[in-house]
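Asks:
In the numbering used here, the protein residues as written are 141 to 361.
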């Protein structure tokens, strides 16, 4: 049974214990903040520190959807240098047996179909694709979760923020910032709090320490 009242730190502890053993030595901090993204993850080379921030809007989510979001964020540092795509990160979550929660998260955010990013070069897997990857018992678990959530996945879509998430990797005085498949690199010791995104007229601009470091079109094609 999913408990709606466990805090984020407890959810992280459970996920690491059950599905991310390589992250046990890491110092993981998680919290809420008003942001333009559902989730943000920042990490140093393992077994270093990991910081996960969830948008305050996700406080209203069912715990199953939160587990899906947190699983995706944990899979970024768990993969570290092995892959930088959002698709491979979603596949990593599924391979760890957490696909039902990821599907619940995508159903909650209205991503029934794959969410194309980076002008077609990458994608977040949608509810339908994730469901197609699940095994028999996982499908049973997902359907039970959806009944408990009183949620019927719909092709009509739903709420979307500026971007699904941001991942920030720190290594050797270099910072790689990935925003929905677009990667920007900064040298130096810029703090995560000094990284900002501003979207206007279909263009998102990325800033570090007040300086623009790059931009990308919000078009999906």
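Think of the CB as a built atom: it goes at the ideal place given N, C-alpha and C, for glycine as much as any other residue.
Just how far apart, CA to CA, sit residue 294 and residue 313?
Replies: Within the chain shown, numbered from 1, the residue matching residue 294 stands at position 154. Within the chain shown, numbered from 1, the residue matching residue 313 stands at position 173. Each residue's Cα considered, the two are about 44 Å apart.
Asks: Can you name the start and end residues of the alpha helix (DSSP H) that residue 267 belongs to?
Replies: Counting from one through the chain shown, the residue named residue 267 turns up at place 127. Element bounds for residue 267: 267 to 273.
Asks: Among 261, 265, 246, 248, whose alpha-carbon lies nearest the alpha-carbon of residue 254?
Replies: Locating residue 254 in the chain shown gives position 114, counting from the first residue. Among 261, 265, 246, 248, the Cα nearest to that of residue 254 is on 265.
Asks: Just the C-alpha distance for residue 302 and residue 199, rounded to the nearest angstrom, thanks.
Replies: On the chain shown, residue 302 is found 162 positions in, with the first residue counted as 1. On the chain shown, residue 199 is found 59 positions in, with the first residue counted as 1. Only weak support exists for where residue 302 lies, its pLDDT of 46 falling under 50; the value from the coordinates is given anyway. Taking the straight line joining both Cα atoms gives about 18 Å.
Asks: Residue ranges of each beta strand (DSSP E) run of no fewer than 3 residues wholly in the segment 146 to 212, ordered along the chain?
Replies: 167 to 173, 177 to 184, 189 to 195, all fully within the segment 146 to 212.
Asks: Looking only at C-alpha atoms, which of 163, 212, 186, 185 sits nearest to residue 193?
Replies: Mapped onto the chain shown, residue 193 falls at position 53. If we check each option's Cα against that of residue 193, 212 comes out closest.
Asks: Count the other C-beta atoms from every protein chain shown that fall within 10 angstroms of the C-beta of residue 305, then say buried if there are 16 or more, exposed otherwise.
Replies: For the purposes of this step, residue 305 is taken as the residue at position 165 of the chain shown. Classification for residue 305: buried.
Asks: Looking at the strands, I want to know which residues DSSP matches up with residue 338.
Replies: In the chain shown, residue 338 corresponds to position 198, counting from 1. Answer is 345, bridged to residue 338.
Asks: Quick one: what does DSSP say residue 248 is sitting in, helix, strand or coil?
Replies: In the chain shown, the residue the question calls residue 248 occupies position 108. Helix, per DSSP.
Asks: Can you tell me whether residue 234 is buried or exposed? The criterion is at least 16 other CB atoms within 10 Å of its CB, across all chains shown.
Replies: Sequence index remark: in the chain shown, residue 234 carries index 94 (1-based). Looking at its Cβ environment, which holds 16 or more other Cβ atoms inside 10 Å, residue 234 is buried.
Asks: Assuming contact is defined by CB atoms lying nearer than 8 Å, are residue 327 and residue 349 in contact in what I supplied?
Replies: Position 187 of the chain shown holds residue 327. Position 209 of the chain shown holds residue 349. Contact flag unset, no.
Asks: At a cut of 8 Å, does the segment 277 to 291 reach the segment 235 to 255 through at least three beta carbon pairs?
Replies: Taking 8 Å as the limit for Cβ pairs, the verdict is that the segment 235 to 255 does touch the segment 277 to 291.
Asks: Just the Cα atoms here: how many angstroms apart are residue 232 and residue 343?
Replies: For this step, residue 232 is matched to residue 92 along the chain shown. For this step, residue 343 is matched to residue 203 along the chain shown. Their Cα atoms are separated by approximately 30 Å.
Asks: From which residue to which residue does the alpha helix (DSSP H) around residue 230 run?
Replies: For this step, residue 230 is matched to residue 90 along the chain shown. 226 to 233 is the span of the alpha helix (DSSP H), which, as asked, contains residue 230.
Asks: Starting from the Cα of residue 169, find the closest Cα among 185, 190, 175 and give me that residue.
Replies: Looking up residue 169 in the chain shown gives position 29. Ranking 185, 190, 175 by Cα distance to residue 169 puts 190 first.
Asks: Quick check on DSSP: helix, strand or coil for residue 280?
Replies: Walking along the chain shown from the start, residue 280 turns up at place 140. Correct three-state label for residue 280: helix.
Asks: If you count every other CB in all the chains shown that lies within 10 Å of the CB of residue 215, and 16 or more means buried, which is it?
Replies: As a position in the chain shown, residue 215 is number 75, starting the count at 1. With 16 or more Cβ atoms within 10 Å of its Cβ, residue 215 is classed as buried.
Asks: Using DSSP bridges, identify the partner residues of residue 356.
Replies: Here residue 356 corresponds to residue number 216 of the chain shown, with the count starting at 1. Answer is 344, bridged to residue 356.
Asks: Can you tell me the Cα-Cα spacing of residue 181 and residue 209, whole angstroms?
Replies: Here the question's residue 181 lines up with position 41 in the chain shown. Here the question's residue 209 lines up with position 69 in the chain shown. Residue 181 and residue 209: Cα-Cα distance of roughly 11 Å.
Asks: Excluding five sequence neighbours on each side, which residues of the same chain lie with their C-beta closer than 6 Å to the C-beta of residue 230?
Replies: The count along the chain shown starts at 1 and reaches residue 230 at position 90. So the qualifying residues of the chain are 265.
Asks: Anyone know if the C-beta pair for residue 91 and residue 258 falls short of 8 Å?
Replies: Nothing can be reported for residue 91, as the shown portion of the chain is limited to 141 through 361.
Asks: Considering only the beta carbon of each residue, do residue 220 and residue 275 sit closer than 8 Å?
Replies: Here residue 220 corresponds to residue number 80 of the chain shown, with the count starting at 1. Here residue 275 corresponds to residue number 135 of the chain shown, with the count starting at 1. No; because the gap between Cβ atoms is not below 8 Å, this pair is not in contact.
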